[in-house]
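Take the sequence shown: its position 265, counting from 1, is numbered 278 in the numbering used here, and each next residue is one higher.
Yeah, the Cβ is synthetic: ideal placement off N, Cα and C, and Gly gets one too.
Structure record follows, encoded as structure tokens.
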Amino acid sequence: MDILKVFTRDEPIAGLEISDTHIRVALLEFKEIKKGKEREKKLEITILAEKPLKEGIVSEGEIKKKEEFIAVMNDLLKGIKSKIRYSIISISPNKIYSKLYSFPKTVSGEKLEEAMKLAIGFQLPMKLEDVYLDWEKASGDSQKNEIFLATASKKVIDNYIDALKTAGLNLVAIEFFPMSVNRAAVISSGPVMAIILNNEGAEVSIIENKIIQFDRFLPSAQFSSQNSFLGETRKIIDFFESGKKKKISEILLIGENRENIKNQLTDFFKEITISNALGQEIFLSSAEIKKDNGNKWLVALGAALRGVLPRSEDELISLMPIGTEEAYDNQKAIIFSEFISNISVALSIFFVVIFLGIWLLMVSFQKNFSTRIISLSSSAVPEDALALEERAIKFNELLNKADSSLILMQKTSPILEELKLKIISGISVRNFSMPSLIDAINISGVAQSRNQLNLFKKSLESSEMFSEVNLPLTNIELRENIPFSITFRIKDPITLNYVQ
């Protein structure tokens, strides 16, 4: 494990697509590449993997056979070389209600939030206590404020969270297919219809300026015939165009078995361009993606793209009990605690082994020394007796020093525990020096910003264990990536003498 990742709490987040027929996972990571004399970071696809799902395991947007789903998920993760701990999942919108709300530009801030709560109370077609709900601000129209809202059943979402947790995967956010495709596909600014196809039906979305304006799931049972599907699609287009006074310029198709649908749409909508959706250029370096220009992987890649966003900047919709940043921090805290616990157990075992080794050595030495004394007392004193005595004295001194070192290592453990609690986000610790319990302790590292460095100093000053915290004023001209060196002392070293 990278020790810097332990302190900075930074791990990659994969994108996961869960449909009725398959599970797909994609991971994007920034890799350093050499460009001339300089090095720059480039986003690369590091993982692409998938597993099919038998019919009925996932149906109508929810997990129906939980144990079988977990088994498939475990097989998928075992086949991936890199260990994945965190993911953002994208699920079928079959069980999701979404809507775009518009308010006058004058309604903003707290008034906008109050207006949304009022709209939810009157217009939400389900009980608020039965769903997880989230919304995000949509940009675009300069004349009004637009809010995109989505809700999903708590029962459905909790089932996903529990199943993936059992498989060893911690969820950071939950979104649905159109959100992921909107992020990963090449989509023009004009009103565009995106149709995501699967065995259970079609998810029809209308997107303008990268904002989902309309979203509806059409179950396959509702358009068993060709004319029914085309008729429903025409109704959606007419509804949007009459309300927005704008024309749909293109229909994008996503998913397998889309060629037959493409031919039907081309014959029916002669005035609209029908195309297969393409992935963004950053994905096309992968040979797997090039096979169909990324169409097959758009949902998983869209979720993975969200994973590379800084957690503090992710204000997108997440259908979880808590926000994305809080979810990520909570899961990181759990894993970090497990890591510290394992280290503590390992250190305890190490100290016990060292203690037993020294004790056995001392017993053996005492026995040999006693035998030697008896032997010497019954024989003439050899000429090298003084030299032997000096070696024995030096050996005893070394044993005393080893015993002192063990005691110091045991008393250092609570100090490291306290220091771990005081390290904040944005602080990378590189060196730790503690000559003794009464001398000044020195830590050095790098802070992402001056504000985070000051907050770290205050965090140390708030400790009941530390005192005389000193942060020299150096590198004042730097605003980011600031090297630092902080010294402090143990407030009451005597209390550590009683640490067992």
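Helix, strand or coil: how does DSSP classify residue 98 here?
On the sequence shown, position 85 is the one that residue 98 refers to. Coil at residue 98, not helix or strand.
Tell me which same chain residues have a C-beta within less than 6 Å of the C-beta of residue 82, skipping the five on either side of it?
In the sequence shown, counting from the first residue as 1, residue 82 sits at position 69. Excluding positions up to five away in sequence, the list reads 70, 76, 176.
Would the segment 204 to 218 and the segment 180 to 195 be scored as touching if the rule is three or more Cβ pairs under 8 Å?
Result yes; three or more Cβ-Cβ pairs closer than 8 Å.
Please report how far the alpha carbon of residue 44 lies from the alpha carbon of residue 293, in whole angstroms.
Here residue 44 refers to the residue found at position 31 of the sequence shown. Here residue 293 refers to the residue found at position 280 of the sequence shown. Near 18 Å, if we compare the C-alpha coordinates of residue 293 and residue 44.
Roughly how many whole angstroms lie between the Cα atoms of residue 448 and residue 477?
By one-based count along the sequence shown, residue 448 stands at place 435. By one-based count along the sequence shown, residue 477 stands at place 464. Using only the alpha carbons, I get a separation of about 21 Å.
Determine the extent of the alpha helix (DSSP H) in which residue 80 is found, giving its start and end residues.
If you number the sequence shown from 1, residue 80 lands on position 67. Unbroken alpha helix (DSSP H) run through residue 80: 79 to 91.
Determine, using beta carbons only, whether residue 267 and residue 311 come nearer to each other than 7 Å.
Counting from one through the sequence shown, the residue named residue 267 turns up at place 254. Counting from one through the sequence shown, the residue named residue 311 turns up at place 298. Cβ distance < 7 Å, so residue 267 and residue 311 count as in contact.
Name the DSSP bridge partner or partners of residue 198?
If you number the sequence shown from 1, residue 198 lands on position 185. Partner(s): 292.
Between residue 89 and the rest of its own chain, which residues show a CB-CB distance below 8 Å, the 5 nearest in sequence each way excluded?
Counted from its first residue, the sequence shown places residue 89 at position 76. Around residue 89: 36, 38, 62, 63, 64.
For residue 497, which of helix, strand or coil comes out of DSSP?
Reading the sequence shown from its first residue, position 484 is the one you call residue 497. In this structure, residue 497 counts as strand in the three-state DSSP scheme.
Is the segment 161 to 176 touching the segment 264 to 283, taking contact as three or more C-beta pairs under 8 Å?
Flag = no, the segment 161 to 176 and the segment 264 to 283 do not touch.
Which ranges would you report for the beta strand (DSSP E) in the segment 122 to 165 if only whole runs of at least 3 residues count?
Taking only runs of at least 3 residues, the beta strand (DSSP E) segments lying wholly in the segment 122 to 165 are 144 to 151.
According to DSSP, residue 459 sits in a beta bridge with which residue or residues?
For the purposes of this step, residue 459 is taken as residue 446 along the sequence shown, with counting starting at 1. Answer is 441, 496, bridged to residue 459.
For residue 457, which residues from the same chain have a beta carbon less than 7 Å from its beta carbon, with the 5 sequence-adjacent residues on both sides left out?
Looking up residue 457 in the sequence shown gives position 444. Within the same chain, residue 457 has close Cβ partners 443, 444, 497, 498.
Compute the Euclidean distance between the alpha carbons of residue 319 and residue 501, then round it to the nearest angstrom.
Residue mapping note: residue 319 aligns to position 306 of the sequence shown, counting from 1. Residue mapping note: residue 501 aligns to position 488 of the sequence shown, counting from 1. Taking the straight line from one Cα to the other gives about 40 Å.
Using a Cβ-Cβ cut-off of 6 Å (strictly less than) and excluding sequence neighbours within five positions of residue 218, which residues of its own chain qualify?
As a working note, residue 218 is residue 205 in the sequence shown. Once the five neighbours on either side are set aside, the close Cβ partners of residue 218 are 191, 207, 225, 228.
Buried or exposed for residue 47, please, with buried defined as at least 16 other CB atoms from any protein chain shown within 10 angstroms of its CB.
As a working note, residue 47 is residue 34 in the sequence shown. Residue 47 is exposed by the Cβ-count criterion.
Let me check one thing: in DSSP terms, what residues is residue 63 bridge-paired to?
Translated into positions along the sequence shown, residue 63 becomes position 50. Partner(s): 37.
Which residue's Cα is closest to the Cα of residue 26: 109, 182, 122?
As a position in the sequence shown, residue 26 is number 13, starting the count at 1. Considering only alpha carbons, the answer is 182.
Report the residue from 276, 273, 282 whose alpha carbon sits nearest the alpha carbon of residue 251.
Within the sequence shown, numbered from 1, the residue matching residue 251 stands at position 238. Cα-wise, what sits closest to residue 251 is 282.
Please classify residue 15: does DSSP put it in a helix, a strand, or coil?
As a first step, residue 15 is located in the sequence shown; it is residue number 2 there, counting from the start. Residue confidence for residue 15 is low, a pLDDT of 47 falling below 50, so the modelled location carries little weight and cannot support an answer.
Decide if residue 126 is buried, meaning its Cβ has at least 16 other Cβ atoms within 10 Å, or exposed.
Here residue 126 is taken as the residue at index 113 of the sequence shown, counted from 1. Label assigned to residue 126: exposed.
Is the CB-CB distance between residue 494 and residue 459 below 7 Å?
Stepping through the sequence shown from its first residue, residue 494 is reached at position 481. Stepping through the sequence shown from its first residue, residue 459 is reached at position 446. Their beta carbons are under 7 Å apart, which means residue 494 touches residue 459 by this criterion.
Can we say the segment 155 to 170 touches the segment 98 to 114, given the rule of at least three CB pairs closer than 8 Å?
These segments touch.
Do you know how far the Cα of residue 446 is from the Cα of residue 455?
Stepping through the sequence shown from its first residue, residue 455 is reached at position 442. Stepping through the sequence shown from its first residue, residue 446 is reached at position 433. Using only the alpha carbons, I get a separation of about 5 Å.
I need the straight-line Cα distance from residue 428 to residue 362, nearest angstrom please.
In the sequence shown, residue 428 corresponds to position 415, counting from 1. In the sequence shown, residue 362 corresponds to position 349, counting from 1. Looking at the two C-alpha atoms, the distance is approximately 19 Å.
Assign residue 188 to one of three DSSP states: helix, strand, or coil.
Working through the sequence shown from its first residue, we reach residue 188 at position 175. Strand, per DSSP.
Spatial neighbours of residue 451 within its chain, please: CB distance less than 7 Å, with the 5 preceding and 5 following residues excluded, ordered by chain position.
Translated into positions along the sequence shown, residue 451 becomes position 438. Here the set comprises 506.
Using only the alpha-carbon positions, how far apart do residue 309 and residue 270 sit?
As a position in the sequence shown, residue 309 is number 296, starting the count at 1. As a position in the sequence shown, residue 270 is number 257, starting the count at 1. C-alpha separation (whole angstroms): 11 Å.
Sorted by chain position, which residues of the same chain lie with C-beta nearer than 7 Å to residue 220's C-beta, five sequence neighbours on each side aside?
Looking up residue 220 in the sequence shown gives position 207. Result list for residue 220: 195, 200, 205, 207, 226, in chain order.
Tell me whether residue 256 sits in a helix, a strand or coil according to DSSP, three-state version.
Walking along the sequence shown from the start, residue 256 turns up at place 243. Helix.
In its own chain, which residues sit with a C-beta less than 8 Å from the C-beta of residue 503, not counting the 5 before and 5 after it?
Within the sequence shown, residue 503 is the residue found at index 490, counting from 1. Taken in chain order, the residues that qualify are 428, 450, 451, 454, 478, 479, 480, 509.
What's the C-alpha gap between residue 42 and residue 376?
Taking the first residue of the sequence shown as position 1, residue 42 is located at position 29. Taking the first residue of the sequence shown as position 1, residue 376 is located at position 363. Computed Cα separation, rounded: 56 Å.
Going along the chain, which residues of its own chain have a beta-carbon closer than 8 Å to the beta-carbon of residue 303, five neighbours each way excluded?
Here residue 303 refers to the residue found at position 290 of the sequence shown. Only 297 meet the Cβ criterion.
Taking the alpha helix (DSSP H) that residue 318 falls in, what are its first and last residues?
To locate residue 318, count along the sequence shown from 1; it is residue 305. Here the alpha helix (DSSP H) through residue 318 covers 311 to 320.
I'd like the list of long-range same chain contacts for residue 307, defined as Cβ closer than 6 Å, with 5 residues on each side in sequence excluded.
Here residue 307 refers to the residue found at position 294 of the sequence shown. Within the same chain, residue 307 has close Cβ partners 292, 296.
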